[in-house]
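Numbering (the numbering used here), first residue to last: -15 to 223.
Just so it is clear, CB atoms sit at the ideal spot from N, CA and C, and this is done for glycine as well.
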Amino acid sequence: HDIEQLFWQRLSLIGQTLSNLVYRQRFTPICRDERTLLWVKQYLLANGSRQTLAASLYEELIRLLEAVSEEEATVFTLRLTSAVRIGWTAEQIAAYLETDVLYVQFQFRNVLHYMMAEAEAGRAPTMAELMDGLVPVQLTQSAQKTYEWLQKGRTMEEIALLRRLKRSTIEDHIVEIAANVPSFSIAPFVTDEKAASIQAAARALGTRKLKHIREALGGAVSYFEIRLVLAKEVGRWMN
């Protein structure tokens, strides 16, 4: 439910913002959530042309709505806010369609869940971007604590000292994070050159055995670096 609500906040605010930007109009954001406002601002700044982004969003929404029932598409469309109209509430839509409010709410949620499912399946790239960071990361409790320290800028050595754990344990946590958090960068722990060498060796040998890969590279990389690169590759494939 939390993911659904945040996804809708992002989608509705981006739709409203792009519509007003294209028509060069000032507006009051339909969403007041500070996290969503910041995310949308950063998303728009990182995605270049407003016209191109608006066209991509429009085309993807049309395609997705063509796959649901006409009634569901109507309910969803009436909820959207643009430069020329304010999105309706479930109560207003129920009155317009002469139906039950709860029924309208279920129709709307059905469309949202369909869009999220299409995004997760890789069939709705724009929706997938809007879901970035919303799906809960599956980490063990201990790895999650290490991840929180990493996000605060702490090094492996500092984290090991702070948590009174062995460095090898922190390495295990980082490998787990790399495999499960798509946005996690392994650059601070292994150079691009080493990562490329490890990937090439694994492909050439047709194996994921750490010892064989390390021997093929003349011992120039550590077991931790190999595990990290392989874990990230698995993470990309799974996500």
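Pick from the options that is closest to residue i, judged by C-alpha positions
{"i": "V95", "options": "S66, F60, Q76", "result": "F60"}
{"i": "R10", "options": "T1, R47, A30", "result": "T1"}
{"i": "Q128", "options": "Y98, I(-13), D116, A163", "result": "A163"}
{"i": "R8", "options": "E18, V24, C15, Q35", "result": "Q35"}
{"i": "N31", "options": "E104, I77, R47, E113", "result": "E113"}
{"i": "K216", "options": "R198, H196, A179, G202", "result": "A179"}
{"i": "S126", "options": "I161, A108, R138, E104", "result": "I161"}
{"i": "Q122", "options": "Y80, V165, T83", "result": "V165"}
Cβ-Cβ distance between residue i and residue j below 7 Å
{"i": "I154", "j": "I182", "result": "no"}
{"i": "I143", "j": "T130", "result": "yes"}
{"i": "A200", "j": "A185", "result": "yes"}
{"i": "V174", "j": "L214", "result": "no"}
{"i": "T20", "j": "L(-3)", "result": "yes"}
{"i": "E44", "j": "T110", "result": "yes"}
N-terminal and C-terminal residue of the alpha helix (DSSP H) that residue i is part of
{"i": "P13", "result": "Counting along the chain, P13 falls outside any alpha helix (DSSP H), and DSSP gives it neither H nor E."}
{"i": "K150", "result": "Run containing K150: none; DSSP gives neither H nor E here."}
{"i": "S126", "result": "125 to 135"}
{"i": "F90", "result": "85 to 104"}
{"i": "K25", "result": "18 to 30"}
{"i": "Q122", "result": "Neither: Q122 is in no alpha helix (DSSP H) and is coded neither H nor E."}
{"i": "I182", "result": "176 to 189"}
{"i": "S40", "result": "34 to 50"}
{"i": "V59", "result": "54 to 63"}
{"i": "H198", "result": "Before going further, note that residue 198 is Arg rather than His in the sequence given. Per DSSP, R198 belongs to the alpha helix (DSSP H) from 194 to 200."}
{"i": "Y7", "result": "Note, Y7: premise wrong, no alpha helix (DSSP H); not H, not E."}
{"i": "P109", "result": "109 to 114"}
{"i": "I77", "result": "74 to 81"}
Whole-angstrom C-beta distance between residue j and residue i, which should lie under 8 Å
{"i": "L194", "j": "Y207", "result": "5 Å"}
{"i": "G106", "j": "I14", "result": "With a Cβ gap of about 29 Å, G106 and I14 do not count as contacting."}
{"i": "G117", "j": "S169", "result": "At roughly 14 Å, the Cβ-Cβ gap does not stay under 8 Å, so G117 and S169 are not in contact."}
{"i": "G(-1)", "j": "L41", "result": "7 Å"}
{"i": "L37", "j": "A108", "result": "With a Cβ gap of about 15 Å, L37 and A108 do not count as contacting."}
Next on the checklist: Does the contact criterion of 3 or more C-beta pairs under 8 Å hold for the stretch 121 to 134 versus the stretch 157 to 166?
Outcome noted: yes
Checklist entry - Taking three-plus beta-carbon pairs below 8 Å as touching, is the stretch 3 to 17 in contact with the stretch 64 to 75? => result yes
Checklist entry - So does the stretch 37 to 52 actually touch the stretch 90 to 105, counting three or more Cβ pairs closer than 8 Å? => result yes
Next on the checklist: Measuring CB atoms only, is the stretch -12 to -2 touching the stretch 95 to 109, in the sense that at least three cross pairs come out at less than 8 Å?
Outcome noted: yes
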